[in-house]
Every structure is written in structure tokens, then in C-alpha cells.
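As you go down the protein sequences, you meet chains D and A in turn.
Numbers given in the numbering used here equal positions in the first sequence, counted from 1, plus 24.
Numbers given in the numbering used here equal positions in the second sequence, counted from 1, plus 397.
Glycine residues also receive a C-beta, built at the ideal position from the N, C-alpha and C atoms.
Note that the structure is predicted; figures quoted are calculated from it, not measured.
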Amino acid sequence: MRAMAGKTLYDKIWDAHLVAEQDGEAILYIDLHLIHEVTTPQAFAGLRANGRKVRRPDRTLAVADHNIPTEGQGLGVAAVADEEARLQLATLERNVADNGIEFFPMGDVRNGIVHVVGPEQGRTQPGMTIVCGDSHTSTHGAFGALAHGIGTSEVEHVLATQTLRQKKAKNLRVVIEGTPAPGVGAKDFALAVIGEIGTAGGTGYVIEYAGDAVRALSMEGRMTLCNLTIEGGARAGLVAPDETTFDYLRGRPSAPKGGAWDIALASWKTLFSDPDAVFDREVRIDASTIAPLVTWGTSPEDVVPVTGAAPSPDAFASPDKRASVARALEYMGLEAGQPIASAKVDVVFIGSCTNSRIEDLRVAADIVRGRQVAPGVRAMVVPGSGLVKAQAEEEGLDEIFRAAGFDWREPGCSMCLGMNPDRLAPGERCASTSNRNFEGRQGRGGRTHLMSPAMAAAAALAGRIADVRDYLR
Amino acid sequence: MKPFTRLDARAAPLPLANIDTDQIIPKQFLKTVEREGLSRGLFYDLRFDDAGKPRPDFVLNRPEYAGAGVLVTGDNFGCGSSREHAPWALMDFGVTCVIASSFADIFYNNCFQNGLLPVVLKPDEVQDLMGECQGGNHMVSVDLAAQTVTSPSGKVFTFEIDASRKAKMLNGLDAIGETLTAAPDIDAWEARRTLTHPWLEPTR
Ligand code: SF4
Numbered sequence: 025m026r027a028m029a030g031k032t033l034y035d036k037i038w039d040a041h042l043v044a045e046q047d048g049e050a051i052l053y054i055d056l057h058l059i060h061e062v063t064t065p066q067a068f069a070g071l072r073a074n075g076r077k078v079r080r081p082d083r084t085l086a087v088a089d090h091n092i093p094t095e096g097q098g099l100g101v102a103a104v105a106d107e108e109a110r111l112q113l114a115t116l117e118r119n120v121a122d123n124g125i126e127f128f129p130m131g132d133v134r135n136g137i138v139h140v141v142g143p144e145q146g147r148t149q150p151g152m153t154i155v156c157g158d159s160h161t162s163t164h165g166a167f168g169a170l171a172h173g174i175g176t177s178e179v180e181h182v183l184a185t186q187t188l189r190q191k192k193a194k195n196l197r198v199v200i201e202g203t204p205a206p207g208v209g210a211k212d213f214a215l216a217v218i219g220e221i222g223t224a225g226g227t228g229y230v231i232e233y234a235g236d237a238v239r240a241l242s243m244e245g246r247m248t249l250c251n252l253t254i255e256g257g258a259r260a261g262l263v264a265p266d267e268t269t270f271d272y273l274r275g276r277p278s279a280p281k282g283g284a285w286d287i288a289l290a291s292w293k294t295l296f297s298d299p300d301a302v303f304d305r306e307v308r309i310d311a312s313t314i315a316p317l318v319t320w321g322t323s324p325e326d327v328v329p330v331t332g333a334a335p336s337p338d339a340f341a342s343p344d345k346r347a348s349v350a351r352a353l354e355y356m357g358l359e360a361g362q363p364i365a366s367a368k369v370d371v372v373f374i375g376s377c378t379n380s381r382i383e384d385l386r387v388a389a390d391i392v393r394g395r396q397v398a399p400g401v402r403a404m405v406v407p408g409s410g411l412v413k414a415q416a417e418e419e420g421l422d423e424i425f426r427a428a429g430f431d432w433r434e435p436g437c438s439m440c441l442g443m444n445p446d447r448l449a450p451g452e453r454c455a456s457t458s459n460r461n462f463e464g465r466q467g468r469g470g471r472t473h474l475m476s477p478a479m480a481a482a483a484a485l486a487g488r489i490a491d492v493r494d495y496l497r
Numbered sequence: 398m399k400p401f402t403r404l405d406a407r408a409a410p411l412p413l414a415n416i417d418t419d420q421i422i423p424k425q426f427l428k429t430v431e432r433e434g435l436s437r438g439l440f441y442d443l444r445f446d447d448a449g450k451p452r453p454d455f456v457l458n459r460p461e462y463a464g465a466g467v468l469v470t471g472d473n474f475g476c477g478s479s480r481e482h483a484p485w486a487l488m489d490f491g492v493t494c495v496i497a498s499s500f501a502d503i504f505y506n507n508c509f510q511n512g513l514l515p516v517v518l519k520p521d522e523v524q525d526l527m528g529e530c531q532g533g534n535h536m537v538s539v540d541l542a543a544q545t546v547t548s549p550s551g552k553v554f555t556f557e558i559d560a561s562r563k564a565k566m567l568n569g570l571d572a573i574g575e576t577l578t579a580a581p582d583i584d585a586w587e588a589r590r591t592l593t594h595p596w597l598e599p600t601r
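Laid out in C-alpha cells, this is it:
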């Protein structure tokens with residue numbers, strides 16, 4: 025028992041949402057439920073089969089993002105070529121209409137990747153509990169909200185009850201301190217954390233990110249960091265809200281206004297871990313020592329500095345690990361010990377809920393401006409939402425990308441998971457700002473290297489994995 | 398949900414760590430609006446070659462493991478996305494128990510929603526069991542009430558499981574129905590919340 029110890033931020037949000045306990049499980053209230061086309065049809069079907077209704081349509085927001093094509097969105101769902109995708113999209117449209125749920129359909133400027141849309145609309149707010157049938161829901165933790173992915177049965181549970189049955193997780197604090205070198209940012213922090221703790225290192229924990237290097241991040245950077253929390257095995261990541269958070273939220277469509285804003289703000293300012301709070305585990309990372317990172321293998325923990333090399337299986341003690349490294353090298357088409365910067369890329373993808381916000385596009389555009397994509401490289405930018413796209417176009421970023429030879433596309437998940445027509449051909453190598461380099465993730469046989477938007481931009485120009493520090497202005 | 402009490406079945410060994418949900422059920426199978434029929438996509442890239450032909454050496458394609466009801470596998474099984482299609486695909490294929498030394502969180506949780514039993518054994522026990530299942534006899538028995546796994550040679554391993562989850566599995570209980578018995582608590586909680594967090598109401 026930690027009878028008198030202070031509370032962590034996670035403890036505070038948990039306690040504030042505890043409705044009841046039943047046979048050792050907590051019933052936790054859910055403030056915001058985000059839904060999309062892929063993980064909900066079976067949940068709505070389950071509700072119908074049991075004669076149940078959506079308890080709080082007003083606390084539910086729907087988007088179409090995973091399946092949608094990234095061109096011709098204005099033509100509507102009926103024009104989507106893939107028959108199964110079309111059925112799934114139409115099913116979502118029917119389900120939200122039947123249940124009175126707010127929905128930003130494909131082609132609506134407010135539509136986009138669910139984890140870009142929630143924050144952008146001001147729906148995501150500090151201290152909330154937020155769930156979505158998508159594991160990167162951890163993104164919303166950047167606002168000091170307890171946010172995590174759930175499965176479809178749980179989606180049905182939340183629709184029916186506005187609660188979730190949960191066991192409390194343990195507290196892990198990741199402290200990132202120091203000033204990062206130019207060209208190093210939130211994506212590199214996140215990859216450094218996963219490299220440090222491993223893909224299962226966070227299992228059973230909620231992570232709170234702290235330290236001056238985290239405080240110095242913009243909201244976009246914090247979202248990138250929290251987004252990748254799940255790749256370290258932890259369901260949720262948190263950053264305590266501060267002025268950066270409040271400035272981001274002020275004036276957003278669903279943010280509180282007038283007197284309500286002041287009341288909300290006073291409450292949000294209590295959302296931090298008490299100085300005497302006890303964490304079950306702590307990891308410290310020195311930001312000043314982080315180089316731009318890329319993944320070499322098929323797990324997000326397979327990270328190397330861009331100046332490094334693919335490992336040799338012999339460097340590992342356990343036979344299992346040796347076998348898995350050998351398998352990953354073979355899949356990735358890399359030699360043991362090969363410098364990672366020698367790997368030629370065929371495709372560059374800037375997008376996904378990890379890195380498709382306006383700041384990500386600005387950073388990439390800054391590298392690309394006035395330069396050319398290397399011959400033979402297929403490079404694309406997929407903004408995270410219609411609003412991000414519009415903002416970028418207002419700033420002329422689309423022109424910069426287009427002039428350099430990038431394809432400028434309409435918003436959606438796109439090549440992050442290749443459910444729509446944007447995908448890799450077998451053997452193609454991709455510099456990607458997304459979050460998963462699993463075998464076949466971006467297309468069967470496709471080879472994914474995860475990296476920051478700046479690094480992906482540099483790779484597009486070089487035609488191979490390249491050190492962004494050689495391209496800084 | 399179908400109750401899980403006891404299972405006597407063939408166990409297929411899959412000695413790989415970090416099998417992610419993209420491998421369990423690749424994205425092209427996620428476009429369904431049904432829960433059924435996903436077995437055709439289970440471990441698709443491992444089971445079938447580029448031409449769509451079964452790979453004869455993949456464990457679930459080998460005749461001696463036909464009808465396997467148990468999968469024995471490595472660390473961190475089910476990492477990656479939250480897709481519940483992963484347990485649905487396993488169940489649709491006939492696998493109702495997965496034994497591993499560890500599981501990813503969301504996958505582990507999703508299993509319990511569907512009557513698929515995830516069993517955590519110690520790494521050396523998993524090794525042991527894996528070794529036995531690679532031999533001539535692959536029949537194991539899993540007893541949830543007793544919390545035991547009996548290997549083909551008769552070794553008995555015990556496993557831990559959360560008591561409330563165990564009870565729900567044994568009885569095949571519907572979590573929504575159970576939570577709805579607390580509806581008055583939810584109503585009361587919402588009413589209090591409206592007072593303490595007025596800016597949240599209404600949200601639009
Ligand atoms: S962008 Fe990728 S990771 Fe993010 S929600 Fe879409 S598919 Fe999932």
C-alpha cells in the first residue's frame with residue numbers, strides 16, 4: 025500500500041472516472057468515443073442483435089479514414105472502387121445516421137485520420153478518458169487525457185454503456201531531458217524510447233512522459249510521442265497539460281468557450297503528477313545524445329542511428345533472437361553490418377496519425393524546398409485531415425512538394441496500413457513516417473523503414489536513407 | 398459467448414516471437430462487416446505463398462496438425478493493432494486457446510471478449526511444451542477451472558488468470574449485460590459529472 029503517497033496523473037484521471045467496481049473490475053466512464061469504419065460494423069450489429077441503443081451519441085464522433093482512397097474523395101462513397109471498402113463505408117454511414125452520431129464523411133474538410141481529427145476539433149481535452157477501436161488512440165494522451173485503443177467487443181460495450189471494464193495499469197515515467205541536436209525531434213525521441221524498453225517493455229503500464237525535452241515539444245510533437253507509445257507495449261501515454269496545451273485548444277470548434285473555458289482551465293491545471301507520486305518504474309533518456317533514428321528491421325524496436333548499420337545476428341546471445349534478426353534481415357533485404365544509409369528507397373511516404381499534422385508537413389517541406397526527389401523514387405504526402413491539407417495549401421506547402429516531385433494526396437490512413445490502393449509492391453523499400461514496420465504492413469513483401477518527416481524528406485531527395493543533418497538549412 | 402471450460406485438442410507449435418496482428422490477419426481481410434469467415438485470412442502470408450498456394454511446411458498446413466485447437470507460440474503474441482479480427486480469425490479456424498510466455502495487452506483483452514483462452518506459461522515451460530508438440534504426439538489438454546495445461550507426455554503446468562475473467566470465461570458471460578446491471582451507478586455518475594464538469598455538456 026502506498027497509503028499517503030501522492031497521485032500520478034494517471035491515478036487522478038482513473039479515480040475521477042471510476043463509476044463502480046464489479047468482481048474486481050473497474051467500470052470506467054468514457055468521455056469520448058471515436059469510431060471509424062473498420063472496427064465498428066460488428067459492434068453496431070451486436071447492439072442491434074441485442075436490442076441495445078447507443079447511450080451517448082453526443083460523446084461519440086465518427087470519421088471514415090482507414091479504407092478511403094486518397095484521390096477523388098469528392099465523388100463520394102459510391103465511387104470507391106473497392107467493393108468491400110465501399111460496403112464498410114456505407115455501413116458506417118448507415119450506423120451513424122441510425123444512431124444520431126456526429127460524422128465527418130469522406131470528402132468533408134473536417135474528415136481525416138481519427139487521431140488527427142479529435143484534437144484538431146478540440147474534442148480531445150485534458151483529463152478526459154478517450155477510446156477508439158484503434159491502437160494509436162494513445163495519441164490523445166498528449167493532452168493529458170487517458171486514451172487507448174480497444175477491440176470491437178469493447179467498442180460495442182462503450183456504445184451501449186459509455187463505460188469500459190478495466191483493470192488498473194502500473195505507472196511508468198519516461199523522463200526525457202536535455203536539448204536535442206538540430207534535425208532530431210519527437211519521432212526520434214519515441215523511437216529511442218522503444219529502442220530502449222523494447223516493443224513489450226511497456227506492457228501493463230501507462231507511460232507518463234516528463235522532462236524538459238518533452239515540455240519543449242509542440243502539441244504536434246507530443247502527439248507523435250504519445251502515438252508511438254503502443255509500439256512500446258503500453259496502451260496509453262500521457263503528457264501533463266500546460267500552456268502549450270491550452271494555447272492549442274483555445275478557440276477550437278469543440279473547445280469550451282467564454283466562462284466555460286475558465287472553469288475548464290482551472291480544472292485542467294490540477295492535472296499533473298504530485299511531486300511525491302510513486303511510479304512503479306522510471307526510464308531516463310538524454311535527448312542531447314539522440315541521433316536521427318531509423319528502423320532497420322520488422323519491429324519498431326529495431327532502431328539504429330542513421331549513421332549506424334544493420335546488426336549481425338551473431339551479436340545476440342539468445343538463439344531465438346539470432347533467428348529473428350536473421351529473418352528480419354532477410355525480409356528487409358539487408359546484409360548484416362550494412363550501413364543503413366546505403367539502403368536505396370523506392371517509395372517515400374509522409375503521412376499517418378504519427379506524422380501528418382501541419383508541423384510535420386512544414387518540417388518536411390523545409391527540407392524539400394527548391395530540391396528534387398531522386399529519379400525513380402515515388403514520393404507522396406498524405407495530410408492527416410482535410411483541414412491540415414487546406415492549411416498546408418494556404419501556406420503553399422503543396423506547391424513546394426509538387427515542385428520537388430512529390431505526389432500531394434487527399435487525407436486518410438493511406439499507406440500506413442495499405443488498406444486502400446496506396447501500398448507497396450513486394451520487395452519495395454519505403455522511407456515512412458508511419459508507426460509500424462511489420463512484415464507486409466504497407467503491402468505484401470514491402471519493406472518499411474520508420475523515421476521522422478525530416479528524415480523521410482531527406483530520403484526522398486537522396487534516393488536512399490540519408491542523414492537529415494546534411495540537408496538542414 | 399461460448400463458455401470455455403476444458404479443451405482436449407492438438408497443439409500446433411509456432412516458435413516465433415512478436416507475432417503481430419498484421420501477421421495473424423492481414424489488412425485485406427479487415428474490410429468485412431462480419432465476425433465470421435475470417436479463418437481464410439488467418440496467418441495468410443505465413444500459410445500461403447505469393448501465388449496463393451499453401452506453404453506445405455507451415456505448421457497449420459501440415460496434416461499432423463489438422464484441426465489444431467491450441468497454438469503454442471513465442472513472446473509478445475498479438476502485438477500491434479487492436480483489431481479484434483485476430484481472435485475472430487483464430488476462433489473461426491478452430492483455435493480456442495493460445496499458449497505463450499507473454500501477450501500484448503489489447504490482444505490479450507480481446508481474447509476474453511470472445512471465449513478464446515490466452516494462457517501464459519513461463520518461458521521454459523513454453524519451450525518444453527513446444528518441444529513436445531514438435532514430436533509425434535500433439536494432444537494437450539487445457540483445464541480452465543483447474544488452471545492447468547497437460548502436455549502430450551503428461552506434464553502438468555499451472556497458469557495464473559484473473560479470477561473475474563476466469564469466471565466470465567467459464568460461464569460465457571456477456572460483459573455488456575453485466576455492466577448494465579450497474580446502470581443506476583452510471584446514471585448517478587453522469588448526473589454528478591454534469592455539475593463538476595459543466596463544460597463537457599453538451600459536447601456540441
Ligand atoms: S494512420 Fe495508420 S496507425 Fe494511424 S489510425 Fe490510420 S491505420 Fe491506424
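Practice item. Return the CA-CA distance between residue 270 of chain D and residue 143 of chain D, expressed in angstroms with no decimal places. Key: Here residue 270 of chain D refers to the residue found at position 246 of the first sequence. Here residue 143 of chain D refers to the residue found at position 119 of the first sequence. If you take the alpha carbons of residue 270 of chain D and residue 143 of chain D, they lie about 12 Å apart.
Check your understanding: Between A:404, A:400 and A:398, which lies nearest to residue 539 of chain A when the distance is taken from Cα to Cα?
Key -> By 1-based counting over the second sequence, the position of residue 539 of chain A is 142. With distances taken between Cα atoms, residue 539 of chain A lies closest to A:404.
Review point. In terms of alpha-carbon separation, which member of D:266, D:415, D:425 and D:285 lies closest to residue 396 of chain D?
Key: As a first step, residue 396 of chain D is located in the first sequence; it is residue number 372 there, counting from the start. Taking only the C-alpha atoms, the option nearest residue 396 of chain D is D:425.
Check your understanding: So what's residue 432 of chain D in DSSP terms, helix, strand or just coil?
Key -> Here residue 432 of chain D is taken as the residue at index 408 of the first sequence, counted from 1. Note: residue 432 of chain D maps to strand in three-state DSSP.
**Study point:** Candidates D:327, D:321, D:111 and D:485: closest to residue 429 of chain A by CA position
**Key:** Locating residue 429 of chain A in the second sequence gives position 32, counting from the first residue. Taking residue 429 of chain A as reference, the option from D:327, D:321, D:111 and D:485 with the minimal CA-CA separation is D:111.
Check your understanding: Cβ of residue 376 of chain D within 6 Å of any heavy atom in ligand 1?
Key -> Counting from 1 along the first sequence, the entry for residue 376 of chain D is found at position 352. Because some heavy atom of ligand 1 lies under 6 Å away, the Cβ of residue 376 of chain D counts as near it: yes.
Review point. Which term fits residue 47 of chain D, buried or exposed, when burial requires 16 or more other beta carbons within 10 angstroms of its beta carbon?
Key: As a working mapping, residue 47 of chain D is identified with position 23 in the first sequence. Flag for residue 47 of chain D reads exposed.
Review point. When DSSP builds the beta bridges, which residues end up paired with residue 497 of chain A?
Key: Walking along the second sequence from the start, residue 497 of chain A turns up at place 100. In the DSSP assignment, residue 497 of chain A forms a beta bridge with A:517.
**Study point:** Contacts that residue 276 of chain D makes with chain A (C-beta to C-beta distance below 9 Å)
**Key:** If you number the first sequence from 1, residue 276 of chain D lands on position 252. Listed along the chain, the chain A residues whose CB falls inside 9 Å of the CB of residue 276 of chain D amount to none; the nearest CB is some 12 Å away.
Check your understanding: Which of the three DSSP states, helix, strand or coil, is assigned to residue 97 of chain D?
Key -> Along the first sequence, one-based indexing puts residue 97 of chain D at 73. It is helical.
Review point. Taking the C-alpha atoms as reference points, what is the distance between residue 479 of chain D and residue 249 of chain D?
Key: As a working note, residue 479 of chain D is residue 455 in the first sequence. As a working note, residue 249 of chain D is residue 225 in the first sequence. In this structure, the CA atom of residue 479 of chain D is about 16 Å from the CA atom of residue 249 of chain D.
Review point. Considering only residues of the stretch 178-247 of chain D, which uninterrupted alpha helix (DSSP H) runs meet the minimum length of 4 residues and lie entirely inside it, listed in chain order?
Key: Given a length threshold of 4 residues, each whole run of the alpha helix (DSSP H) inside the stretch 178-247 of chain D is given here in chain order: 210-221 and 236-239.
Practice item. Answer yes if the stretch 88-96 of chain D comes into contact with the stretch 197-204 of chain D, meaning at least three C-beta pairs across the two stretches below 8 Å, and no otherwise. Key: Segments in contact, no.
Check your understanding: Using the beta-carbon of each residue, which ones in chain D are nearer than 8 Å to residue 531 of chain A?
Key -> On the second sequence, residue 531 of chain A is found 134 positions in, with the first residue counted as 1. Correct list: empty, because the minimum Cβ distance to chain D is about 15 Å.
Point to revise | Simplified DSSP assignment, three categories, for residue 550 of chain A | key: If you number the second sequence from 1, residue 550 of chain A lands on position 153. It is coil, neither helix nor strand.
Review point. At least one CB of chain D closer than 7 Å to the CB of residue 481 of chain A: is that the case?
Key: In the second sequence, counting from the first residue as 1, residue 481 of chain A sits at position 84. Contact of residue 481 of chain A with chain D is assigned, a C-beta pair being separated by under 7 Å.
Check your understanding: Anyone know if the C-beta pair for residue 474 of chain D and residue 461 of chain D falls short of 7 Å?
Key -> The residue you call residue 474 of chain D lines up with position 450 of the first sequence. The residue you call residue 461 of chain D lines up with position 437 of the first sequence. Yes. Within cutoff.
Check your understanding: Span of the alpha helix (DSSP H) holding residue 508 of chain A?
Key -> Taking the second sequence and counting its residues from 1, one reaches residue 508 of chain A at position 111. That run of the alpha helix (DSSP H) goes 502-509.
Check your understanding: Helix or strand or just coil, what does DSSP make of residue 281 of chain D?
Key -> Indexing the first sequence from 1 puts residue 281 of chain D at position 257. Three-state result, residue 281 of chain D: coil.
Review point. Around the Cβ of residue 450 of chain A, are there at least 16 other Cβ atoms within 10 angstroms (buried) or fewer (exposed)?
Key: In the second sequence, counting from the first residue as 1, residue 450 of chain A sits at position 53. Exposed, since its Cβ has fewer than 16 Cβ neighbours within 10 Å.
Review point. So with Cβ pairs under 7 Å, would you call residue 437 of chain A a contact of chain D?
Key: Numbered from its first residue, the second sequence carries residue 437 of chain A at position 40. Residue-level contact by beta carbon fails for residue 437 of chain A and chain D, as no gap is shorter than 7 Å.
Exercise for review: Determine the extent of the alpha helix (DSSP H) in which residue 574 of chain A is found, giving its start and end residues.
Suggested key: What you label residue 574 of chain A is simply residue 177 of the second sequence in a count that begins at 1. It spans 572-577 - the alpha helix (DSSP H) in which residue 574 of chain A sits, taken as one unbroken run.
Review point. Is residue 28 of chain D buried or exposed, if buried means 16 or more other CB atoms sit within 10 Å of its CB?
Key: Here residue 28 of chain D refers to the residue found at position 4 when the first sequence is read from its first residue. Exposed is the call here.
Exercise for review: Closer than 7 Å by C-beta to residue 140 of chain D: which residues in its own chain qualify, once you throw out the five before and the five after it? Chain order, please.
Suggested key: Position 116 of the first sequence, counting from 1, holds the residue named residue 140 of chain D. Spatial neighbours of residue 140 of chain D in its own chain (CB-CB distance under 7 Å, excluding positions within 5 residues in sequence) are listed in chain order as 377, 380, 381, 408, 409 and 412.
**Study point:** Cβ-heavy atom distance, residue 358 of chain D to ligand 1, below 6 Å
**Key:** Walking along the first sequence from the start, residue 358 of chain D turns up at place 334. The answer is no for residue 358 of chain D.
Check your understanding: Which residues of chain A have a Cβ atom closer than 8 Å to the Cβ of residue 443 of chain D, listed in chain order?
Key -> Within the first sequence, the letter at position 419 stands for residue 443 of chain D. Below the 8 Å Cβ cutoff, chain A contributes 424, 425, 427 and 428 as neighbours of residue 443 of chain D, in chain order.
Point to revise | residue 140 of chain D - DSSP class collapsed to helix/strand/coil | key: The count along the first sequence starts at 1 and reaches residue 140 of chain D at position 116. Helix.
Check your understanding: Which one or two residues does DSSP pair with residue 52 of chain D in a beta bridge?
Key -> Start at 1 with the first residue of the first sequence, and residue 52 of chain D comes out as number 28. For residue 52 of chain D, which the question treats as bridged, DSSP gives the partners D:42 and D:188.
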